[in-house]
Amino acid sequence: MGMHNSQRVFFSSKGGVFPGAFLWLMLFFIPFLVACGGDNDNDSTSAALTITSQPANQSVVVGSSARFSVAATGSGTLSYQWQRDGSDIAGAQGSSYTLAAAALTDAGASFTVRVSDDSTSVVSAAAILTVTSGPEAPVITSQPMAQLVEQGQQASFSVVATGTPPLSYQWRRDNVDIAGADSASYTTPVLTQSADDGTLYSVVVSNSVASVTSSDAEVTVTQTLLACSGGAQAGWCWIEPKPHGNTMHDVQYLGADVFVAAGEGGVFMRSTDGGATWTTSFTIGSSVNAMHFVSSTLGFAVGDQGFIARTNDGGETWVPQTSTVETTLNDVYFFDANLGLAVGDSSTILHSIDGGTTWTPVTVPGFGHAYGVSFADANVAMVVGSGGARLRSVDGGANWNRVDTPAGCQTCTLRSVTFTSATTGFAVGDQSNSIMRTDDAGQTWAKVPGGNASGANDGSCGFEDISFLGNHGLAVATCGWIAHSSDGGVSWTKFPAVGIHLETDTFGAAFGAGSAVAVVVGGEGQLYRTTNAGASWTSIFPERVAQDFFNVYFDDASTAYILGTKSYKSTDSGLTWAEDLSLPSGANAMASTNAGLITAGNNRSIYRSIDGGLTWDYIAAIPVGSGNFYRLYFYNPLVGYAYGSTAGTIKTTDGGLTWTTVFGGLSAVTGIHFYTEDIGVYVGEGRIYRTVNGGVNWNEVQRSQWGLVGAAFTGNGGVAVGGNGAYYTSDQGATWIQVTGVSTENFRGVESNPASSLFIAYTDSGNMLKSVDGSSWSKLASPVGGQINALRYYDDSLGLAVGGQGIILRTTTGGE
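Quick note, the sequence shown lines up with residues 2 to 817 if you use the numbering used here.
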């Protein structure tokens, strides 16, 4: 009862008693309201923005898509902005981003994403994209190159290709697979001209995607690639004509299809296939005028300045002999391995009985020049020469007697003599003499009817050599005529027909293994061959182009120009040349200045090119006068001189745009050089002048006993050459010292190699001499037997020389 009363008090108030149901509901829900957190202002459990899954690095193949994604939590709605390398990507505002087609340029790109919620933002870690190439077809980036090789050498080809590896290669010759040739390069076997010249090589490059075939690379096989004075492309090497341009004086047949030919400049040529192909070497330093072989291995050669040499290996190597004379020797003949004769200018007859080890001069007063010698037997020998003279010996050449000259040949010149038996012999010579015959071992001689050298009595040419094999004979003439006999020399038929002749003069002839095969040698290094007993003849080497080169100039290490009757340009340091029709006609010299390329030439002409020689403009600002300019000299890119003939010397101070006369009319100028802006030297034909005030005044400092034909300078030194001597200075031209007897022949010019302080002088016959300072000179190996007109160096190793008959020589060893 009491408890009931107290509850009634508790649920009571002044206003009355609460309804019971409401109170029971409150008691039931209050715990739940407390559990739900109550007041929001005091809430500490709201979610923070968090990247729960970072974008991952991607690696894809080029062209494929790359997808980056992110996962994050935060309050409210999340937003996204993708970035590439820190910059926003337009439209990339989802939780993932896809690059549709990856390129190689996309490789390495960095991708991030900025995630934002209602109150903050966060940037993801960077994801790096790697793009790799997919399977790509081969692409050839470097094609095989055409090759020019010497017979007996190999050719090498190579290719560079890209594409998905592995790449495979298959080389082909004339579109036929080469077995085993399956790498990026290929080297041929040893090549021959007859079998390999003109063949085409290519390569097929393949992978799993596709195959591609290279362009064709042609191989050209020449008789000789570069015939060089030092061997193995050392010294001076022939560029044109190929294999060389020296006159060939003689050819001999040694048996077993071996021919040996020789000529000017010490050139020897050898064939081992019956004259079809030839190799070239310069094994001696003297021009060779004649040879004679006793056997297939033992032979002798003679030449200029008393030169005699012996070979014991069929002409592959030669050993000089002591001749005791310095006159030119024109012919040699050995009856056997011991008994021999050599003859030459100024009545020279040398006699040997010990195989050329020693030579004894034989005196025959007033005989003149001896040009030919031969034995009929061990006792009887004949010598022929100038003035219709014939000498006969009956004791093996120890003593000689004159033979009467037949009527009509009192003044004729005989060049060659040979015997076909102990009694029958033949001699040939100039036009008035034609072919002579003896049938009594040389005691009497008579003209052979119809044996005329040219077919017309105009004196235009004469026979130089005669050779027999059995009843077949050949006589060759200087005008390119060849006479052939098939009846032992009774009658002769000329080839080619009247009005036609071979390309060059011919000087020597020899039959091969039979009468059908023969070889004739001639001018400009040319050889001719017949395989049908002389009915037709074929040039062994390409036809020579008659032209003369006057000067050569390097514009840079690759670009060079030749100026002459035709002008040529090279873009490979002088290895190959192409005619340059853009060069001004009559240009004789070239220089590079601030104004461009400058040429000087005939009729006082000066031209300028500002586009590397493509076009040329005539420079009108030249003092009035006449004559030709042959050289240009520039002290610097602005100050230079044009000089040459007696037309005078002109000067420019603006790179060649305008010119003034500085001196003229004294004599032809052969050299100008300035050591400083004030000190210079001017070399005339017979005098040397010096200035110390920049050319305002010139004073004579040296007179020459010779006409000075060239001058060159280096450092404080200088050299001027003329006649067979030289002058040199070491004090910037203040004093000059004469050096005599430098050469046995006249000089034609001199050039300096500034990089190595070397002077190179060259003579009328193409011989070269070198000197460090001009005080002493030594012979430099030269393969030339002709005229050099100009020589230029680019640096201490690279040089070019040019001359008459299209001569182009090149050195990459400084000429040594």
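Note that CB positions come from ideal geometry on N, CA and C, so glycine has one too.
- Item | Rounded separation between residue 491 and residue 449 - CA only | Going by the C-alpha atoms only, they are around 7 Å apart.
- Evaluate residue 541 with the Cβ neighbour count: other Cβ atoms within 10 Å of its Cβ, from every protein chain shown; 16 or more gives buried, anything less gives exposed. Flag for residue 541 reads buried.
- Task: Indicate whether residue 481 and residue 445 have their beta-carbon atoms separated by less than 9 Å.
- Result: Not a contact, by the Cβ cut-off of 9 Å.
- Query: Is it true that the CB of residue 134 sits closer than 9 Å to the CB of residue 160?
  - Reply: Cβ atoms of residue 160 and residue 134: not closer than 9 Å.
- Message: Please classify residue 800 as buried or exposed, where buried requires at least 16 neighbouring CB atoms within 10 angstroms.
- Response: Here residue 800 is buried. Its C-beta has 16 or more other C-beta atoms within 10 Å.
- Query: Per DSSP, what kind of secondary structure is residue 646 in: helix, strand or coil?
  - Reply: Residue state for residue 646 is assigned as coil, using DSSP reduced to three classes.
- Closest by C-alpha distance to residue 710, when choosing among 702, 366, 727 and 321: Answer by Cα proximity: 727.
- Once you ignore the five residues that flank residue 809 on each side, which residues in its own chain have a CB closer than 6 Å to its CB? Cβ neighbours of residue 809 beyond the five flanking positions: 240, 241 and 803.
- Within this structure, are the beta carbons of residue 371 and residue 423 separated by less than 9 Å? In this structure, residue 371 sits away from residue 423, with a CB-CB distance that is not shorter than 9 Å.
- Item | Check whether residue 683 and residue 664 have beta carbons under 9 Å apart | For the pair residue 683 and residue 664, the CB atoms are nearer than the 9 Å cut-off.
- Item | DSSP state of residue 148 mapped onto helix, strand, coil | Of the three classes helix, strand and coil, the one that applies to residue 148 here is strand, per DSSP.
- Query: Taking only runs of the beta strand (DSSP E) that begin and end inside the segment 366-444, which ones reach a length of at least 3 residues, in chain order?
  - Reply: Fully enclosed beta strand (DSSP E) runs of no fewer than 3 residues occupy 371-376, 382-386, 391-394, 415-420, 426-430 and 436-439 of the segment 366-444, in order along the chain.
- Item | Beta-carbon proximity check, residue 431 vs residue 374, cutoff 9 Å | In this structure, residue 374 does not lie closer than 9 Å to residue 431 by Cβ.
- Query: Going along the chain, which residues of its own chain have a beta-carbon closer than 8 Å to the beta-carbon of residue 147, five neighbours each way excluded?
  - Reply: Cβ within range, chain order: 218, 219, 220 and 221.
- Message: Measuring only the C-alpha atoms, how far is residue 309 from residue 243?
- Response: Rounded to the nearest angstrom, the gap between the Cα atoms of residue 309 and residue 243 is 27 Å.
- Message: Taking its Cβ as the centre, do 16 or more other Cβ atoms sit within 10 Å of residue 590, making it buried, or is it exposed?
- Response: By the neighbour-count rule (16 or more Cβ atoms within 10 Å), residue 590 is buried.
- Could you tell me which residues DSSP puts in a beta bridge with residue 306? Note: residue 306 sits in no beta bridge, so no partner.
- Where do the N-terminal and C-terminal ends of the beta strand (DSSP E) with residue 332 fall, by residue? 330-335 is the span of the beta strand (DSSP E), which, as asked, contains residue 332.
- Message: So that I know if they touch, is there some Cβ in chain C lying closer than 9 Å to that of residue 201?
- Response: Among the protein chains of the structure shown there is no chain C, as only one such chain exists.
- Message: Could you tell me the alpha carbon to alpha carbon distance between residue 485 and residue 306, rounded to whole angstroms?
- Response: Computed Cα separation, rounded: 34 Å.
- Query: Hey, how far is the Cα of residue 788 from the Cα of residue 774?
  - Reply: C-alpha separation (whole angstroms): 25 Å.
- Per DSSP, which residues does residue 795 bridge with? Please list them. Answer by DSSP bridge pairing: none, since residue 795 is not bridged.
- Query: DSSP three-state call for residue 586: helix, strand or coil?
  - Reply: Reduced to three states, the DSSP call for residue 586 is coil.
- Query: In terms of DSSP beta bridges, what is residue 239 paired with?
  - Reply: Bridge pairing for residue 239: 810 [DSSP].
- Query: Can you name, in chain order, every residue of its own chain whose Cβ lies under 8 Å from the Cβ of residue 71, other than the five neighbours on each side?
  - Reply: The beta carbon of residue 71 lies closer than 8 Å to those of 52, 54, 55, 56, 81, 96, 97, 114, 116 and 125 in the same chain, with the five residues before and after it left out.
- Message: Once DSSP output is grouped into helix, strand and coil, what is the label at residue 701?
- Response: Assignment of residue 701 by DSSP, reduced to helix, strand and coil, places it in the strand class.
- Message: Just to confirm the assignment, what range does the beta strand (DSSP E) spanning residue 486 have?
- Response: In the DSSP assignment, residue 486 falls within the unbroken beta strand (DSSP E) covering 483-486.
- Item | Which listed residue (661, 288 and 628) has its alpha carbon closest to that of residue 646 | Selected option, being the one with the closest Cα: 628.
- Query: Is residue 535 near residue 483, with beta carbons less than 9 Å apart?
  - Reply: Taking 9 Å as the Cβ cut-off, residue 535 and residue 483 qualify as a contacting pair.
- Query: From residue 439 to residue 467, what distance separates their C-alpha atoms?
  - Reply: Their Cα atoms are separated by approximately 14 Å.
- What residue from 752, 811, 265 and 626 has the CA that sits closest to residue 576's CA? Checked all of 752, 811, 265 and 626; the closest Cα to residue 576 is 811.
- Query: Skipping 5 residues on each side, what residues in its chain have a beta carbon closer than 6 Å to that of residue 674?
  - Reply: Hits under 6 Å: 682 and 714.
- Task: Would you check if there are 3 or more beta carbon pairs closer than 8 Å linking the segment 766-785 to the segment 735-754?
- Result: Contact holds: three or more Cβ-Cβ distances are below 8 Å.
- Would DSSP call residue 265 helix, strand or coil? DSSP places residue 265 within a helical segment (H, G or I) once states are collapsed to three.
- Task: Return the first residue and the last residue of the alpha helix (DSSP H) that residue 197 is part of.
- Result: In the DSSP assignment, residue 197 falls within the alpha helix (DSSP H) that extends over 194-197.
- Query: Can you tell me whether DSSP reads residue 901 as helix, strand or coil?
  - Reply: For the chain, the structure presents residues 2 to 817; residue 901 sits outside this window and is missing.
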